[in-house]
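**Q** Just remember that my numbering sits 897 ahead of the position in the sequence shown, which is counted from 1.
C-beta: ideal position from N, C-alpha, C; glycine also.
So that we are looking at the same thing, I have put the structure below in structure tokens.
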Amino acid sequence: MSIVQVRVPGKVNLALCVGETDAQGYHELGTVFQAVSLCDDITVSRLPQGEFRLSVTGEGSAFLPIDDTNLALRAAKLLANRYQVTDAGVAITIRKRIPVAGGMAGGSADAAGTLLACSALWAVNASREELRDLAAELGSDVPFLLLGGTAIGTGRGEKLSPVPASGVYHWVFAMAHGGLSTPAVFREFDRTTAAQPTTLPEGLISALVAGDVVDVGSRLVNHLQSAAIRLQPALQRTLILGQRLGALGAIISGSGPTAAFLFDDEEEANRVARELTVFSGVRSVRVVQGPVAGAQIVA
Ligand code: C5P
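Structure, rendered in structure tokens:
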């Protein structure tokens, strides 16, 4: 293959329960991920051996590094090294829609998509499970973006167990001005919060399996939310506004600052999205659905 295109989703955490830290400073998590239809597109093509290039367009691309600190380039190089791809070289182009530093795992998604795309480009004989192990080396959220759907994450978030969720989950994502650094939000959490149990909210998984979106909406939880709000106080008003406008659930996505609002009806989601657009605390608004597949080769 000379060119491979991959589509990869962003995620929202329906539950994000944060426990004790391990020796490396990572927190034990009990989380429920859902992949949503806000996707980045990744195109890879062959370059001569040893040449690795990255270009990024779209949402937030001006803020992204295109050197070796970018997780997508690190993903390509990790795959090439681990599988001893002798003639490895690649041009990676990413069309971004997932917000940068928004709490929707945009960087992790690009790493997951690049792993899948380069494994096809270089005809690397790696199973999905082997790719998932490489993904876990790159970051705690990366394995989930390969898997997609709805899944429980434990450990650092990389140990996954799929949830057979039913129903359609309509989400309105309100993107904030500026981003939040995930380590900074965890530091603020550590500074202000005692370690808590990582037990998932009672009834959340059964509500997901039943496809009871109203019930799911009432059980959303994010232990990082208060820390994110302390770092960006305007987020509190965005959440309250979405609740008042009729969201079934309102939560900060991951470490923020994107606010996520849940609906069981697309028209209702569109109506609230239009109302949120005019709020000064919100940079832009997207209406999407979950769950969707993980990283997939589309061409
Ligand atoms: O795993 P990843 O590199 O995406 O994590 C980014 C940062 O988020 C880590 O450096 C750490 O500060 C924080 N983190 C954490 N515990 C986790 C996952 C992430 O403290 N389970």
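Just to confirm before moving on: does the CB-CB distance between leucine 975 and glutamate 1055 stay below 8 Å?
**A** no
**Q** Here's the rule: buried if 16 or more other CB atoms are within 10 angstroms of the residue's CB, otherwise exposed. What is isoleucine 900?
**A** Exposed, by the Cβ-count rule.
**Q** By alpha-carbon positions, which one of Ile989, Ala1017, Phe1158 and Glu1085 ends up nearest to valine 982?
**A** If we check each option's Cα against that of valine 982, Ala1017 comes out closest.
**Q** Report all residues from its chain with a CB closer than 8 Å to the CB of aspartate 1087; omit the five preceding and five following residues, and keep chain order.
**A** Listed in chain order, the non-local C-beta contacts of aspartate 1087 below 8 Å within the same chain comprise Thr918, local neighbours out to five positions each way being set aside.
**Q** What would DSSP say about phenylalanine 960, mapped onto helix, strand or coil?
**A** helix
**Q** Per DSSP, valine 909 forms a beta bridge with which residues?
**A** Gln931, per the DSSP bridge assignment.
**Q** Look at alanine 1008 and alanine 972 and say whether their C-beta atoms are less than 8 Å apart.
**A** yes
**Q** With a threshold of 7 Å (Cβ to nearest heavy atom), would aspartate 1030 be considered close to ligand 1?
**A** no
**Q** Ends of the beta strand (DSSP E) at valine 1184?
**A** It spans 1179-1187 - the beta strand (DSSP E) in which valine 1184 sits, taken as one unbroken run.
**Q** Any chance the stretch 1145-1153 sits against the stretch 903-911, with 3 or more Cβ pairs inside 8 Å?
**A** The stretch 903-911 and the stretch 1145-1153 touch, with three or more beta-carbon pairs separated by less than 8 Å.
**Q** Around the C-beta of threonine 1096, are 16 or more other C-beta atoms found within 10 angstroms, so that it is buried, or is it exposed?
**A** With fewer than 16 other Cβ atoms within 10 Å, it is exposed.
**Q** Rounded to the nearest angstrom, what separates glycine 1101 and threonine 1089 at their Cα positions?
**A** Note on identity: in this sequence residue 1101 is leucine, with glycine being the wrong assignment. If I take the Cα positions, the gap works out to 27 Å.
**Q** When you compare the CB positions of phenylalanine 1070 and arginine 979, do they come within less than 8 Å of one another, or not?
**A** No, they are not a contact pair.
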